[in-house]
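Number of protein chains: 2
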Amino acid sequence: MSDFSSPDWFTEQCDNTGSAFSLRIEHKVVEKQSPFQKVEIYKTTDFGYLMVIDGCTMVSSRENFLYHEMMSHPALFTHPNPKNVVIIGGGDCGTLREVLKHSSVESVHQIDIDKLVTEMALEYFPELCDKNDDPRAHILFADGIKYMQDALPESIDVIIVDSTDPIGPGEGLFNHAFYTSCLKALRSDGILVQQSESPILHQKLMKEMRDAMTDVGFSAVQTIPFPQPIYPSGYWSCTLAKKNGEFGVFRKQDAKAFEQLVEYYSAETHQAAMKLPRFLAKVL
Amino acid sequence: MSDFSSPDWFTEQCDNTGSAFSLRIEHKVVEKQSPFQKVEIYKTTDFGYLMVIDGCTMVSSRENFLYHEMMSHPALFTHPNPKNVVIIGGGDCGTLREVLKHSSVESVHQIDIDKLVTEMALEYFPELCDKNDDPRAHILFADGIKYMQDALPESIDVIIVDSTDPIGPGEGLFNHAFYTSCLKALRSDGILVQQSESPILHQKLMKEMRDAMTDVGFSAVQTIPFPQPIYPSGYWSCTLAKKNGEFGVFRKQDAKAFEQLVEYYSAETHQAAMKLPRFLAKVL
């Protein structure tokens, strides 16, 4: 990464995509190594705090709402009545906070392997953690792969895989074995949703993910693109997988009524995202 | 820009937003100075060719379709029957090519001040210029501000301002005088559309643009966000202004029938984009 070494900028250089993104920093606040990964916090000049894990930008104060809303609400409004939700990863608690906005939800279990991420979030992104004391929230630090293996069959309505990229600790969350565990643990109308990288840069990974989901028995998959400025290309996605049946409808009236609680998600955005842009449909 | 000097990467460093974006390059192909600006072409490792004007990334082979489609089709499908179109700027001819896909269009005049941009596009982005010989296309090299001042009143259906940022040659395209010329030149159901920068980074500029458009007499404005990986934040926008009446409808059936001709635009995308995300609506 020596090309971009600078005391004034943090740069995520992506060698596999030939692109890089930088934020100007006031200073590095802290750097800690957990048993799993290196977590850094920077104070940026224009994006608030920035969390970096193993060199990759994860969360900035300014624009994380785009990611957290789109990881949560399309899946939750596609499910007819989501009560029990599991988040695998998501240690910054931003997705948890969005899920807890849904009044139908009775329990959310957040399973991140690395306590350090949540400790850092509590200190530098307290706004993401302001629902952590909700009695419906259960924050566990454990191996999400094992958690899903051990989950009771037909016990979960929505599983949200809010992980790092498929290298390092996140790797085991992108394969047939994990998806099989998820499928078993979901109730009949259950939905799995996972972050699926950039529609421009990572079409191969996205296709492999979708194929693996249908290979293990999910009946339908749907990829939803959204803007995410600090991730490579500024254009990101999640992919939903349905245990049974097809996509095509969601609780649109409920989504409309919810719009005062969110900054980006809307019923219209959701509706539009259900149709893949042609450039992406052609390769998936 | 010394922070990012590297022989292997081209970096656009934005000091006013505290962010930077880089593409890895194989080599710089050419650099030429016109009377108006410096134009560079790079061969990148992953994005094809890259055109840079005065240090700012303008067009890459890989993802320019996002920008060119969204600068053209929302405006053209909002107009009931666009026949005469003017493009101010747009020297790379990518917007021209999109406009010419519309069978209702009888003439398109493209007015870019800098012939060098089109010469570079013809050589390194020939796919954007493949409609330049269409008999409906009129490619002029002239001052767009003066062109609009001199335009016959009520002679144009859609004006597309596809310019650089509001510094340098593009500056005069972002003010009351220019918008007044446009308003006069548009027919009664005419529409002006202009690139309006990043919904995340440039909300002040966007608000000023919208206010100026309504100040001079446009009856309604509508900002449409879209992904654009090589521009700051990867999230960009255009703003439409209507001479008379409100937004709210567009030729949806025609847009649906058109979807085989485009890679990103769709009737659903257009429909969704008509509702601003809440974070943006609050500040505009």
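Top to bottom, those sequences are chains A and B.
Per the numbering used here: the first sequence = residues -7 to 276.
Per the numbering used here: the second sequence = residues -7 to 276.
Every residue gets a Cβ at the ideal spot worked out from N, C-alpha and C, and that includes glycine.
Note that this is a predicted model, so its numbers are computed, not measured.
Where residue i falls: helix, strand or coil (DSSP)
i	result
Phe250(B)	coil
Ile105(B)	coil
Met(-7)(A)	Residue placement at Met(-7)(A) cannot be trusted, given a pLDDT of 40 that sits under 50; the coordinates are not used to answer.
Val100(B)	strand
Ser52(B)	strand
Thr36(B)	strand
Leu178(B)	strand
Tyr256(A)	coil
Arg243(B)	coil
Asp203(A)	helix
Tyr223(B)	coil
Asp173(B)	What sits at residue 173(B) in the sequence shown is Ser, not Asp. Ser173(B) falls in the helix class under three-state DSSP.
Leu276(B)	coil
Pro118(B)	helix
Pro161(A)	helix
Contacts of residue i in chain B (Cβ-Cβ under 8 Å)
i	result
Gln263(A)	Glu260, Gln263 and Ala264
Val254(A)	Arg270
Phe39(A)	Gly10 and Ser11
Residue i, enclosing beta strand (DSSP E) - first and last residue
i	result
Ala129(B)	Ala129 to Phe133
Ile17(B)	Ser11 to Gln25
Ile192(A)	First-last for Ile192(A): undefined, no H or E at that position.
Within chain A, partners of residue i - CB distance below 9 Å
i	result
Thr231(B)	Simply none; closest approach about 17 Å.
Pairwise C-alpha distance: residue j and residue i
i	j	result
His65(B)	His262(B)	9 Å
Met63(B)	Val254(A)	27 Å
Pro72(B)	Val150(B)	11 Å
Ile33(A)	Lys24(A)	9 Å
Met140(A)	Ser173(A)	6 Å
Asp157(A)	Asp135(A)	16 Å
His280(A)	Gly83(B)	Chain A is shown only over -7 to 276; residue 280(A) falls outside these bounds and no answer can be derived.
Lys30(B)	Leu15(A)	26 Å
Ala177(B)	Gln220(B)	30 Å
Leu268(A)	Asp142(B)	43 Å
Asn167(A)	Phe133(A)	21 Å
Thr231(A)	Asp207(A)	15 Å
Arg128(A)	Ser147(A)	16 Å
Phe39(B)	Gln5(B)	18 Å
Glu238(B)	Gly209(B)	13 Å
Val78(B)	Glu115(A)	53 Å
Leu92(A)	Val100(A)	8 Å
Lys274(B)	Gln186(B)	21 Å
His19(B)	Trp228(B)	27 Å
Gln252(A)	Ser258(A)	9 Å
Asp246(B)	Ile152(A)	38 Å
Phe13(B)	Glu200(B)	26 Å
Ser225(B)	Asp181(A)	37 Å
Val97(A)	Phe170(A)	24 Å
Ile131(B)	Ser211(A)	51 Å
Lys234(B)	Phe242(B)	12 Å
In DSSP terms, what residue i is bridged to
i	result
Gly81(B)	Asp154(B)
Val31(B)	Lys24(B) and Ile45(B)
Ile183(B)	Val150(B) and Lys234(B)
Pro217(A)	Ser229(A)
Asn73(A)	Paired residues: none, contrary to the question.
Ala212(B)	Lys234(B)
Under 8 Å by beta carbon: chain A residues contacting residue i
i	result
Glu238(B)	Here the premise fails: no neighbours, minimum Cβ distance about 17 Å.
Leu42(B)	Correct list: empty, because the minimum Cβ distance to chain A is about 11 Å.
Phe250(B)	Per Cβ cutoff of 8 Å: no residues; Phe250(B) is ~11 Å from chain A at best.
Residue interval of the alpha helix (DSSP H) (run including residue i)
i	result
Met63(A)	Asn56 to Thr70
Phe2(A)	Element bounds for Phe2(A): not the alpha helix (DSSP H) but the beta strand (DSSP E), Trp1 to Cys6.
Phe271(A)	Arg270 to Ala273
Asp142(A)	Gly136 to Asp142
His94(B)	Element bounds for His94(B): n/a, residue is neither H nor E.
Glu260(A)	Ala259 to Ala265
Contacts of residue i in chain A (Cβ-Cβ under 7 Å)
i	result
Lys267(B)	Ser258 and Glu260
Tyr227(B)	Pro219, Pro221 and Gly226
Thr36(B)	Gly10
Under 9 Å from the C-beta of residue i: neighbouring residues of chain B
i	result
Leu15(A)	Gly10, Ser11 and Ala12
Phe28(A)	In chain order: nothing, as chain B lies at least about 28 Å away.
Phe117(A)	Residues of chain B passing the Cβ test: none, with the nearest at roughly 17 Å.
Phe2(A)	By Cβ distance, chain B contributes nothing, its closest Cβ being about 10 Å from Phe2(A), past 9 Å.
7 Å Cβ cut-off: residues of chain B touching residue i
i	result
Ile192(A)	Glu55 and Pro221
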